[in-house]
Amino acid sequence: MTPKRKKRLTIILGLVFGTSLIVGLVMFSLSENINLFYSTSQIANGEAPVGARIRAGGMVVDNSIKRSTDSLKVQFAITDYEKQVLVEFTGILPDLFREGQGIIAQGTMDANGVFQADEVLAKHDENYMPPEIAESMKKKQEAAQ
Amino acid sequence: MTPEIGEFALIIGLLLSVILAVVPMVGAATRNEMWMSFAKPLALGQFLFMIISFLCLGYAFATDDFSVVYVAQHSNSQMPIQFKLSAIWGGHEGSLLLWALILCGWTFAVSRFSKALPLDMLARVLSIMGMVGTGFISFLLITSSPFARYLPSYPADGADLNPLLQDFGLIVHPPMLYMGYVGFSVAFAFALAALLSGRMDAAWARWSRPWTNIAWSFLGLGITLGSWWAYYELGWGGWWFWDPVENASLMPWLVGTALVHSLAVTEKRGVFKSWTLLLAIFAFSLSLLGTFLVRSGVLTSVHAFASDPERGFFILMLLAITMGGSLTIYALKAPSVKSESSFSWLSREVLLLVNNVFLTVMAVTVLLGTLYPLLIDALGSGKISVGPPYFNAVFVPIMGTMSIAMGISIAVRWRETSQESVIKTLWLPAVVSLVIGLIFPFAYGGGFDFRVFLGMSVSLWVISTVVREFISKFRNATTIKTKLSQLSMSYYGMMVAHIGVAVTAIGITLVSTYSEERDMRMAKGDHVELAGYLFTFEGTKVVKGPNYMADQATIVITEDGQSVTTLHPEKRRYNVKRNMMTEADIDAGLFRDLYVALGEPLNNGEAWAVRVHYKPYVRWLWLGGILMSLGGLLTVFDKRYRKKKTRGRVANA
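Protein chains in written order, with this note's numbering: chain G, 1 to 145; chain U, 1001 to 1653.
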């Protein structure tokens, strides 16, 4: 091999190695860190896996918020206007969290069918509905007609 | 009447940019000097009419003209004047108007400050910017005019601006960010003009470089301000969320960073030309993609405005035309580009190439993570989101490796450097940074922490190599003063920016490792200890703001019995929409922030949910961001850009 070809071969090998390393890293992280979204009907029908990290979204049901008196634990129900799911969360809820507001929670389903949230997101525009909720509610409406 | 004048000015602005897009371009193609010379006055006219339009909207806000739909939706008579005025860009229509105004401003600046440019080049550059302007002003007029009226009857008062936006952050963050986004259109226009004229030489890089650096600096500043704003305003102390819209601003910044470096190589050594051109095209395309992501509402994001599919479609079309058109021209013209010099393995050229590869890979991984949910949704495989762990897992190792290369590149010369001289320069910084990196976690955190060791070592490596190189410049200098003035501004800019990277990296490392946070239920007299500070809750009182009522808490902080500070976080209720808003209070310091936010009242106000944070070195994040941008701006004052201009002026006279 001429020195020039040797140089080119090293470049190509280096590129192939680097690219596969990065692709591997990306694929691995992606497979570990994607969170599937489930509507409350799907969860109530038992479609959501227990223990896996998922996202759940819906409207907070009126008069469903129950606070613990001695800690920051709070329980509420969310709905897609078909089925409800109970959510438990410990911590400070976002400012726009209130009854009738669309929220998205991240966390896991426990064995009792309660969603244990470690993060609750309410969007900062009160007219704004997360696309996931909007779509799952649209499907419900279409099915009803 | 004023809104109609605004609308009318916008239409004239559109007409002028259509003429700007066509006439000078045709003139350049047919070598018609008269036609080409239309470019400058058109750029001025376009800018003037956009200013008129913008002022008209500002006047409508200042005078509470609620017959204008946009004003009625985003303002209220009770709002303080500075927020009324910044509400101009508090929603979709107005922020787009700001976008277009800044674009015309950049176009005007190019026409004004490019005296050294040959006429045909200037004509092409301005013409391409006119095309972009045509796209955006027609977008404004067709889908989102801010001047539409409620007629015949209109609301008595406005619907108020989202309380989160009634803040100093809104005044500064969007304009800075847009200056950056739109500024890349200049680099884009220069790249296309070079491709069209076939003059892709070092001179092209020299013209385009200051503009690119300014745009890049503004974008960095905008991102930094956004991060700082989110930190104090959202009330839970986060400074980066890997939100799609944040990613949308980070991607052009990463590609822009690659472009800034690649332009330096092209200017100094005449290599990587076609790569630089491609980067310029992509930096602007990613800015457009960012705009598309924000405006179309296709992704779940805290920044999403109530969205409109028609608008998303329009921007997607603009993006398709811009990318399709520019890449076609690139494909046709770029193969004729020739490198002007050669270089060996261990040279600054290669290390800058490495930098470019890393930055591009980072931009691609961020792009992938951001668009992956869209892709999966389009394939019908369900709704997913990609969480911050993905971005951290991919971003941090690449960033770390790049920083190591960054240190090496400092010690390497253009064209060729011997291995021995590199080792001779670098062994000391390597040892110093490893040793301090090893000691630091013990001294600061009281125990070994691998992440802190890596983060600190890499950051110190970047700083110590810069310092080592700086000192070595003085070895043969007669006096320090003469040497200081001999070094170019580009060199100072580079040093400042690189130190900025290290400062940000130190901030990220320490704040993500040593932060402490506690969510507490606190009644009057309760206290909590965090990182050696004692926080005592002394109850709340009601205070009245201009357009809100607030519960204001008093929290006294002491350390070893010594008073540190008293913080007053608030829970505000805005009068118009009855919106709740958390206003955190922060005791900021160079080495630590103490951060207190109120949650909600518990048991009818008998106690409060309170969140307290201890954030070490969090200011370093933004300090580093400011240093990077400052570095970018310093390079613009380099003598060689000024000299070129004076010479050009003489030639013109």
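Yeah, the Cβ is synthetic: ideal placement off N, Cα and C, and Gly gets one too.
Taking Arg8 (chain G) as the query, report the chain U residues whose CB atoms sit under 9 Å from its CB, ordered along the chain. Looking up residue 8 (chain G) in the first sequence gives position 8. Against chain U, a Cβ distance below 9 Å from Arg8 (chain G) picks out nothing, because the smallest value is about 12 Å.
Examine the Cβ distances between the stretch 1463 to 1482 of chain U and the stretch 1423 to 1438 of chain U and report whether three or more of them are shorter than 8 Å. A contact exists between the stretch 1463 to 1482 of chain U and the stretch 1423 to 1438 of chain U.
Chain G partners of Ala1609 (chain U), CB-CB under 7 Å? Stepping through the second sequence from its first residue, residue 1609 (chain U) is reached at position 609. Under the 7 Å cutoff, chain G gives Leu72, Ile92.
Excluding five sequence neighbours on each side, which residues of the same chain lie with their C-beta closer than 7 Å to the C-beta of Ile1102 (chain U)? For the purposes of this step, residue 1102 (chain U) is taken as the residue at position 102 of the second sequence. For Ile1102 (chain U), where only same-chain residues beyond five positions count, the Cβ hits under 7 Å are Tyr1178, Met1179, Val1182.
I need the boundaries of the beta strand (DSSP E) containing Leu36 (chain G), first residue and last residue. As a working note, residue 36 (chain G) is residue 36 in the first sequence. Start and end: 34 to 39.
With DSSP as the reference, label Ser1067 (chain U) as helix, strand or coil. Within the second sequence, the letter at position 67 stands for residue 1067 (chain U). In the structure shown, Ser1067 (chain U) sits in coil (DSSP, three-state: anything other than H, G, I, E or B).
For a contact meaning CB atoms closer than 8 Å, what does Ser1385 (chain U) contact in chain G? Translated into positions along the second sequence, residue 1385 (chain U) becomes position 385. Simply Ile34, Asn35, Phe37, Arg55.
Start and end residues, beta strand (DSSP E) containing Leu1590 (chain U): The count along the second sequence starts at 1 and reaches residue 1590 (chain U) at position 590. For Leu1590 (chain U), there is no enclosing beta strand (DSSP E), as DSSP marks it with neither H nor E.
Anything in the stretch 22 to 33 of chain G with a Cβ closer than 9 Å to a Cβ of chain U? List those residues in chain order, please. Within the stretch 22 to 33 of chain G, those residues whose Cβ lies closer than 9 Å to any Cβ of chain U are, in chain order, Ile22, Leu25, Val26, Phe28, Ser29, Leu30, Glu32, Asn33.
Okay, do the stretch 1536 to 1544 of chain U and the stretch 1613 to 1632 of chain U touch, 3+ Cβ pairs below 8 Å being the bar? Contact annotation: the stretch 1536 to 1544 of chain U does not touch the stretch 1613 to 1632 of chain U, with fewer than three C-beta pairs closer than 8 Å.
Coarse secondary structure for Lys1271 (chain U), derived from DSSP in three states: Locating residue 1271 (chain U) in the second sequence gives position 271, where the first residue counts as 1. The question names Lys, but residue 1271 (chain U) is Val in the sequence shown. When DSSP states are grouped into helix, strand and coil, Val1271 (chain U) belongs to the coil group.
Would you say Arg55 (chain G) and Gln116 (chain G) are within 8 Å of each other, going by their C-beta atoms? For this step, residue 55 (chain G) is matched to residue 55 along the first sequence. For this step, residue 116 (chain G) is matched to residue 116 along the first sequence. No, these two residues do not count as a Cβ contact at 8 Å.
Interface residues of the stretch 1576 to 1599 of chain U facing chain G [CB-CB below 8 Å]: Residues passing the 8 Å Cβ filter: Lys1577, Asn1579, Met1580, Met1581, Thr1582, Ala1597, Gly1599.
Would you list, in chain order, the members of the stretch 1514 to 1525 of chain U that have their beta-carbon closer than 9 Å to a beta-carbon of chain G? Here the close residues are Asp1519, Met1520, Arg1521.
Could you check whether the Cβ of Tyr1372 (chain U) sits closer than 8 Å to any Cβ belonging to chain G? Your numbering for residue 1372 (chain U) matches position 372 in the second sequence. Among the residues facing chain G, Tyr1372 (chain U) is included, as its CB has a counterpart in that chain under 8 Å away.
Simplified DSSP state of Met27 (chain G), which is helix, strand or coil: Within the first sequence, residue 27 (chain G) is the residue found at index 27, counting from 1. Collapsing the DSSP output to three states places Met27 (chain G) in a helix.
Limits of the beta strand (DSSP E) - the one that Tyr1231 (chain U) falls within: Taking the second sequence and counting its residues from 1, one reaches residue 1231 (chain U) at position 231. No beta strand (DSSP E) holds Tyr1231 (chain U); the alpha helix (DSSP H) holding it covers 1202 to 1233.
Anyone know if the C-beta pair for Gly1369 (chain U) and Val1357 (chain U) falls short of 8 Å? Counting from one through the second sequence, the residue named residue 1369 (chain U) turns up at place 369. Counting from one through the second sequence, the residue named residue 1357 (chain U) turns up at place 357. Contact: no.
When the Cβ atoms of the stretch 1482 to 1497 of chain U are set against those of the stretch 45 to 61 of chain G, are three or more pairs found closer than 8 Å? Contact fails: fewer than three Cβ-Cβ distances are below 8 Å.
I'd like the span of the alpha helix (DSSP H) that includes Ala1191 (chain U), first residue to last. Your numbering for residue 1191 (chain U) matches position 191 in the second sequence. Residues 1168 to 1197.
Locate the beta strand (DSSP E) running through Pro1616 (chain U), then write down its first and last residues. Along the second sequence, read from residue 1 onward, the residue named residue 1616 (chain U) stands at position 616. Residues 1607 to 1616.
Going by alpha carbons, who is nearest to Ala44 (chain G) out of G:Gln84, G:Phe89, G:Lys6? Numbered from 1 along the first sequence, position 44 holds the residue referred to as residue 44 (chain G). Of the candidates G:Gln84, G:Phe89, G:Lys6, the one whose C-alpha sits nearest the C-alpha of Ala44 (chain G) is G:Gln84.
Best match in U:Gln1073, U:Leu1048, U:Lys1084 for proximity to Tyr1059 (chain U) [C-alpha to C-alpha]: By 1-based counting over the second sequence, the position of residue 1059 (chain U) is 59. Between Tyr1059 (chain U) and the set U:Gln1073, U:Leu1048, U:Lys1084, the nearest pair of CA atoms involves U:Lys1084.
Taking beta-carbon pairs under 9 Å, can you tell me which members of the stretch 1339 to 1361 of chain U lie near chain G? Answer set for the stretch 1339 to 1361 of chain U: Trp1345, Val1357, Val1361.
Mind pulling the chain G residues with CB within less than 7 Å of Tyr1390 (chain U)? Counting from 1 along the second sequence, the entry for residue 1390 (chain U) is found at position 390. Here the neighbours are Ser29, Leu30, Asn33.
Helix, strand or coil at Leu1534 (chain U) [DSSP, three-state]: The residue you call residue 1534 (chain U) lines up with position 534 of the second sequence. It is a strand residue.
Inter-residue Cα distance where the pair is Pro94 (chain G) and Ala122 (chain G): Here residue 94 (chain G) corresponds to residue number 94 of the first sequence, with the count starting at 1. Here residue 122 (chain G) corresponds to residue number 122 of the first sequence, with the count starting at 1. Note on geometry: alpha-carbon atoms of Pro94 (chain G) and Ala122 (chain G) lie some 6 Å from one another.
Starting from the Cα of Ser1153 (chain U), find the closest Cα among U:Gly1631, U:Leu1097, U:Ser1067 and give me that residue. Sequence index remark: in the second sequence, residue 1153 (chain U) carries index 153 (1-based). Comparing Cα positions, the closest option is U:Ser1067.
Give me the Cβ distance between Tyr1014 (chain U) and Ile1214 (chain U), rounded to the nearest whole Å; I'm assuming they're in contact under 8 Å. Residue 1014 (chain U) sits at position 14 when you count from the first residue of the second sequence. Residue 1214 (chain U) sits at position 214 when you count from the first residue of the second sequence. For clarity, residue 1014 (chain U) is Leu in the given sequence; the question names Tyr instead. Not quite, the Cβ-Cβ distance comes to about 26 Å (not below 8 Å), so this is no contact.
Which word fits Trp1253 (chain U), buried or exposed, when buried means at least 16 other C-beta atoms lie within 10 angstroms of its C-beta? The count along the second sequence starts at 1 and reaches residue 1253 (chain U) at position 253. With a 10 Å radius around the Cβ and a threshold of 16 neighbouring Cβ atoms, Trp1253 (chain U) comes out buried.
By the criterion of Cβ-Cβ separation under 8 Å, what are the contact partners of Asp95 (chain G) in chain U? For the purposes of this step, residue 95 (chain G) is taken as the residue at position 95 of the first sequence. Neighbours of Asp95 (chain G) in chain U, taken as residues at a C-beta separation under 8 Å, are given in chain order as Gly1235, Asn1579, Met1580, Met1581, Thr1582.
Let me make sure I understand the geometry here. Which of G:Leu72, G:Val23, G:Leu96, G:Tyr81 has the alpha-carbon closest to that of Asp1519 (chain U)? In the second sequence, counting from the first residue as 1, residue 1519 (chain U) sits at position 519. Asp1519 (chain U) has its Cα closest to that of G:Leu72, out of G:Leu72, G:Val23, G:Leu96, G:Tyr81.
Name the one or two DSSP bridge partners that Tyr1574 (chain U) has. Within the second sequence, numbered from 1, the residue matching residue 1574 (chain U) stands at position 574. In the DSSP output, where bridge partners are listed per residue, Tyr1574 (chain U) has U:Tyr1548.
Distance cutoff 8 Å, beta carbons only. Does Val1394 (chain U) sit that close to anything in chain G? Residue numbering aside, residue 1394 (chain U) sits at position 394 when the second sequence is read from its first letter. For Val1394 (chain U), the answer is yes, since a Cβ of chain G falls inside 8 Å of its Cβ.
Own chain, CB closer than 7 Å to Leu1278 (chain U), minus 5 neighbours either side, in chain order: Position 278 of the second sequence, counted from the start, is the residue given in the question as residue 1278 (chain U). Cβ contact annotation for Leu1278 (chain U) (same chain, cutoff 7 Å, sequence separation greater than five): Tyr1330, in chain order.
Shorter than 8 Å from the beta carbon of Thr1365 (chain U) to some beta carbon of chain G? Along the second sequence, read from residue 1 onward, the residue named residue 1365 (chain U) stands at position 365. Cβ-Cβ to chain G under 8 Å: yes for Thr1365 (chain U).
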